[in-house]
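Participant:
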Amino acid sequence: MRPVPTPIPIRKAMRGTDIPPFYASQVGARAHRLRRAGRSVIGMHFGQPTEPPPPGVHAAAHRAIEDGPTGYYESPELRARIARHYLDAYGLHVASSRILLTLGASAGLVATFTTLFASGDRVGVVRPGYPAYRNALRALGREPVEIDCGPERGFRLGAEQVAGVPGELHGLVVASPGNPTGAMLSRAALAEVAGACRARGTQLVSDEIYHGISFTGPATCALEVEPQAIVINSFSKLYRMPGWRLGWIVVPEAAVERFGAQLINLFLTPSTLSQEAAIAAFDDRGSLQAAVAGYARNRATLLAALPTMGLRGLVPPDGAFYLYADVGHLTDDSLAFCHELLEDTGIAIAPGIDFDPRRGQRFVRLSFAVSEAEVDEAIARLRPWLARREAARRSS
Ligand SMILES: Cc1ncc(COP(=O)(O)O)c(C=O)c1O
-9 MRPVPTPIPI
1 RKAMRGTDIP
11 PFYASQVGAR
21 AHRLRRAGRS
31 VIGMHFGQPT
41 EPPPPGVHAA
51 AHRAIEDGPT
61 GYYESPELRA
71 RIARHYLDAY
81 GLHVASSRIL
91 LTLGASAGLV
101 ATFTTLFASG
111 DRVGVVRPGY
121 PAYRNALRAL
131 GREPVEIDCG
141 PERGFRLGAE
151 QVAGVPGELH
161 GLVVASPGNP
171 TGAMLSRAAL
181 AEVAGACRAR
191 GTQLVSDEIY
201 HGISFTGPAT
211 CALEVEPQAI
221 VINSFSKLYR
231 MPGWRLGWIV
241 VPEAAVERFG
251 AQLINLFLTP
261 STLSQEAAIA
271 AFDDRGSLQA
281 AVAGYARNRA
291 TLLAALPTMG
301 LRGLVPPDGA
311 FYLYADVGHL
321 TDDSLAFCHE
331 LLEDTGIAIA
341 PGIDFDPRRG
351 QRFVRLSFAV
361 SEAEVDEAIA
371 RLRPWLARRE
381 AARRSS
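Using this note's numbering, the letters of the sequence shown map in sequence onto residues -9 to 386.
(1) Under 8 Å between the Cβ atoms of R128 and V115?
(2) Using only the heavy atoms of ligand 1, determine whether one of them is closer than 7 Å to the beta carbon of D366.
(3) Report buried or exposed for E182, applying the criterion of at least 16 other Cβ atoms within 10 angstroms of its Cβ.
(4) Would the beta-carbon of G94 be found less than 7 Å away from any heavy atom of ligand 1?
(5) Assign I220 to buried or exposed, taking buried as 16 or more other Cβ atoms, counted over all protein chains shown, within 10 Å of its Cβ.
(6) Go ahead and pull the three-state DSSP assignment for V195.
(7) Report yes if the C-beta distance between A359 and P44 is below 8 Å; otherwise report no.
(8) Would F205 and A173 qualify as a contact pair, given that the criterion is a beta-carbon distance under 8 Å?
(9) How long is the line joining the alpha carbons of I239 and G98, rounded to whole angstroms?
(10) Between S86 and E266, is the Cβ-Cβ spacing less than 8 Å?
(11) Give the C-beta separation of A315 and L356 to the nearest angstrom, bearing in mind that I take them to be a contact with Cβ-Cβ under 8 Å.
(12) Is the beta carbon of V84 sitting closer than 8 Å to the one on A70?
(13) Restricting to Cα atoms, I'd like to know which of E362, P10, V31, Y200 is closest to A19.
(14) Within 10 angstroms of the Cβ of H35, are there 16 or more other Cβ atoms? Answer buried if so, exposed if not.
(15) In terms of residue numbering, what span does the beta strand (DSSP E) encompassing W234 cover?
(16) Give the DSSP-derived three-state secondary structure of F353 in the structure shown.
(17) Please report the distance separating the alpha-carbon of I222 from that of G250.
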């Protein structure tokens, strides 16, 4: 009998970059266990709408199950429908050939990072910001360059900051509205950022996943101010289809082939069923608007209530469905704070360390893409809990 070779211990074999998890998902796992044990849990930790997608989506999915395509597939109808969306929403003529379908914005980000940037390239990301920008760039061997955009500047990136980044800057990722703050750049500010990128030869990447969910006016598409921008979007937020894993990117005509080659090698095609269903997502304006109106009410309720519980200095979000709150007077460990809150009250929220490795220990993010009744209940549970925390702090 041949001797069986000794396997390399897995710890030694894992030579890829070690990146952090989403700490919010650790809170989420605990919340799930509590719920299964019969506790009443209010899930405000993940950025996902709790309402189902517009009804037409389910109807289209049922039809697709009956007689839709089942192979690897990219729906020309969906690409055409997305192209029409650019005309309807922004007055932009975008050829459907420039629209590539992805497995959510996540895959759009990966394909963008691998297509545009070489190993070691430096890509600007806003801090606080969506953790996967920083972590995916690092996993792919690109270097995230964090640009600090704290509450003192309303969490908004400025063109002068882009211009001031020392060294080379091959790319810049912006999200307006952004996660976790909901901060949005005005059209003029986005144009200035795009101009600063152009001036120093930086490729602009715009993550527009929260477009359509804004409270202070519509968001500007980066293509309105920079025709060469790469735009990333998804059905996960406004269209309430996070589990359907479908998104898209818009790339310049000259880049379509290179992006397409990356996408097919990395991911083949997105789910056929999701593509067929998503065509219906755009047309139920009533359902989409009703959800955004609900978020607006939740936002107003929270902005009125939280300062009365000692959470001051909140920056009202322009869009998305998050509040990023400073709890630095109560903790210097945002993950422990979230776990304690969950254990004591059943409210699950996300720790700031997911979004900001520097200052995140003093922040938490609440998602208000939940029902209005849940927001009311969360406030009722939060008030006495925060009061107790505050009293304990004073007496210590
Ligand atoms: C700013 C931002 N970009 C991208 C994503 C990824 O979204 P998905 O892959 O579900 O489309 C998220 C998810 O929360 C996000 O907040």
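Where a beta carbon is used, it is the ideal one built from N, C-alpha and C, also for glycine.
Facilitator: Quick answer:
(1) No, Cβ-Cβ distance for R128 and V115 is not below 8 Å.
(2) Relative to the non-hydrogen atoms of ligand 1, the Cβ of D366 never comes closer than 7 Å to any of them.
(3) Buried, since its Cβ has 16 or more Cβ neighbours within 10 Å.
(4) G94: yes, Cβ under 7 Å from ligand 1.
(5) By the 10 Å Cβ count, I220 comes out buried.
(6) Looking at V195 - three-state DSSP - the assignment turns out to be strand.
(7) No, the pair does not count as a contact, with Cβ atoms beyond the cut-off.
(8) Contact flag unset, no.
(9) For I239 and G98, the gap between their C-alpha atoms comes out near 6 Å.
(10) No.
(11) Yes, they are in contact, since the Cβ atoms of A315 and L356 sit about 7 Å apart, within 8 Å.
(12) No, the pair does not count as a contact, with Cβ atoms beyond the cut-off.
(13) Of the candidates E362, P10, V31, Y200, the one whose C-alpha sits nearest the C-alpha of A19 is V31.
(14) Looking at its Cβ environment, which holds 16 or more other Cβ atoms inside 10 Å, H35 is buried.
(15) Neither: W234 is in no beta strand (DSSP E) and is coded neither H nor E.
(16) Three-state DSSP puts F353 in a strand.
(17) Using only the alpha carbons, I get a separation of about 14 Å.
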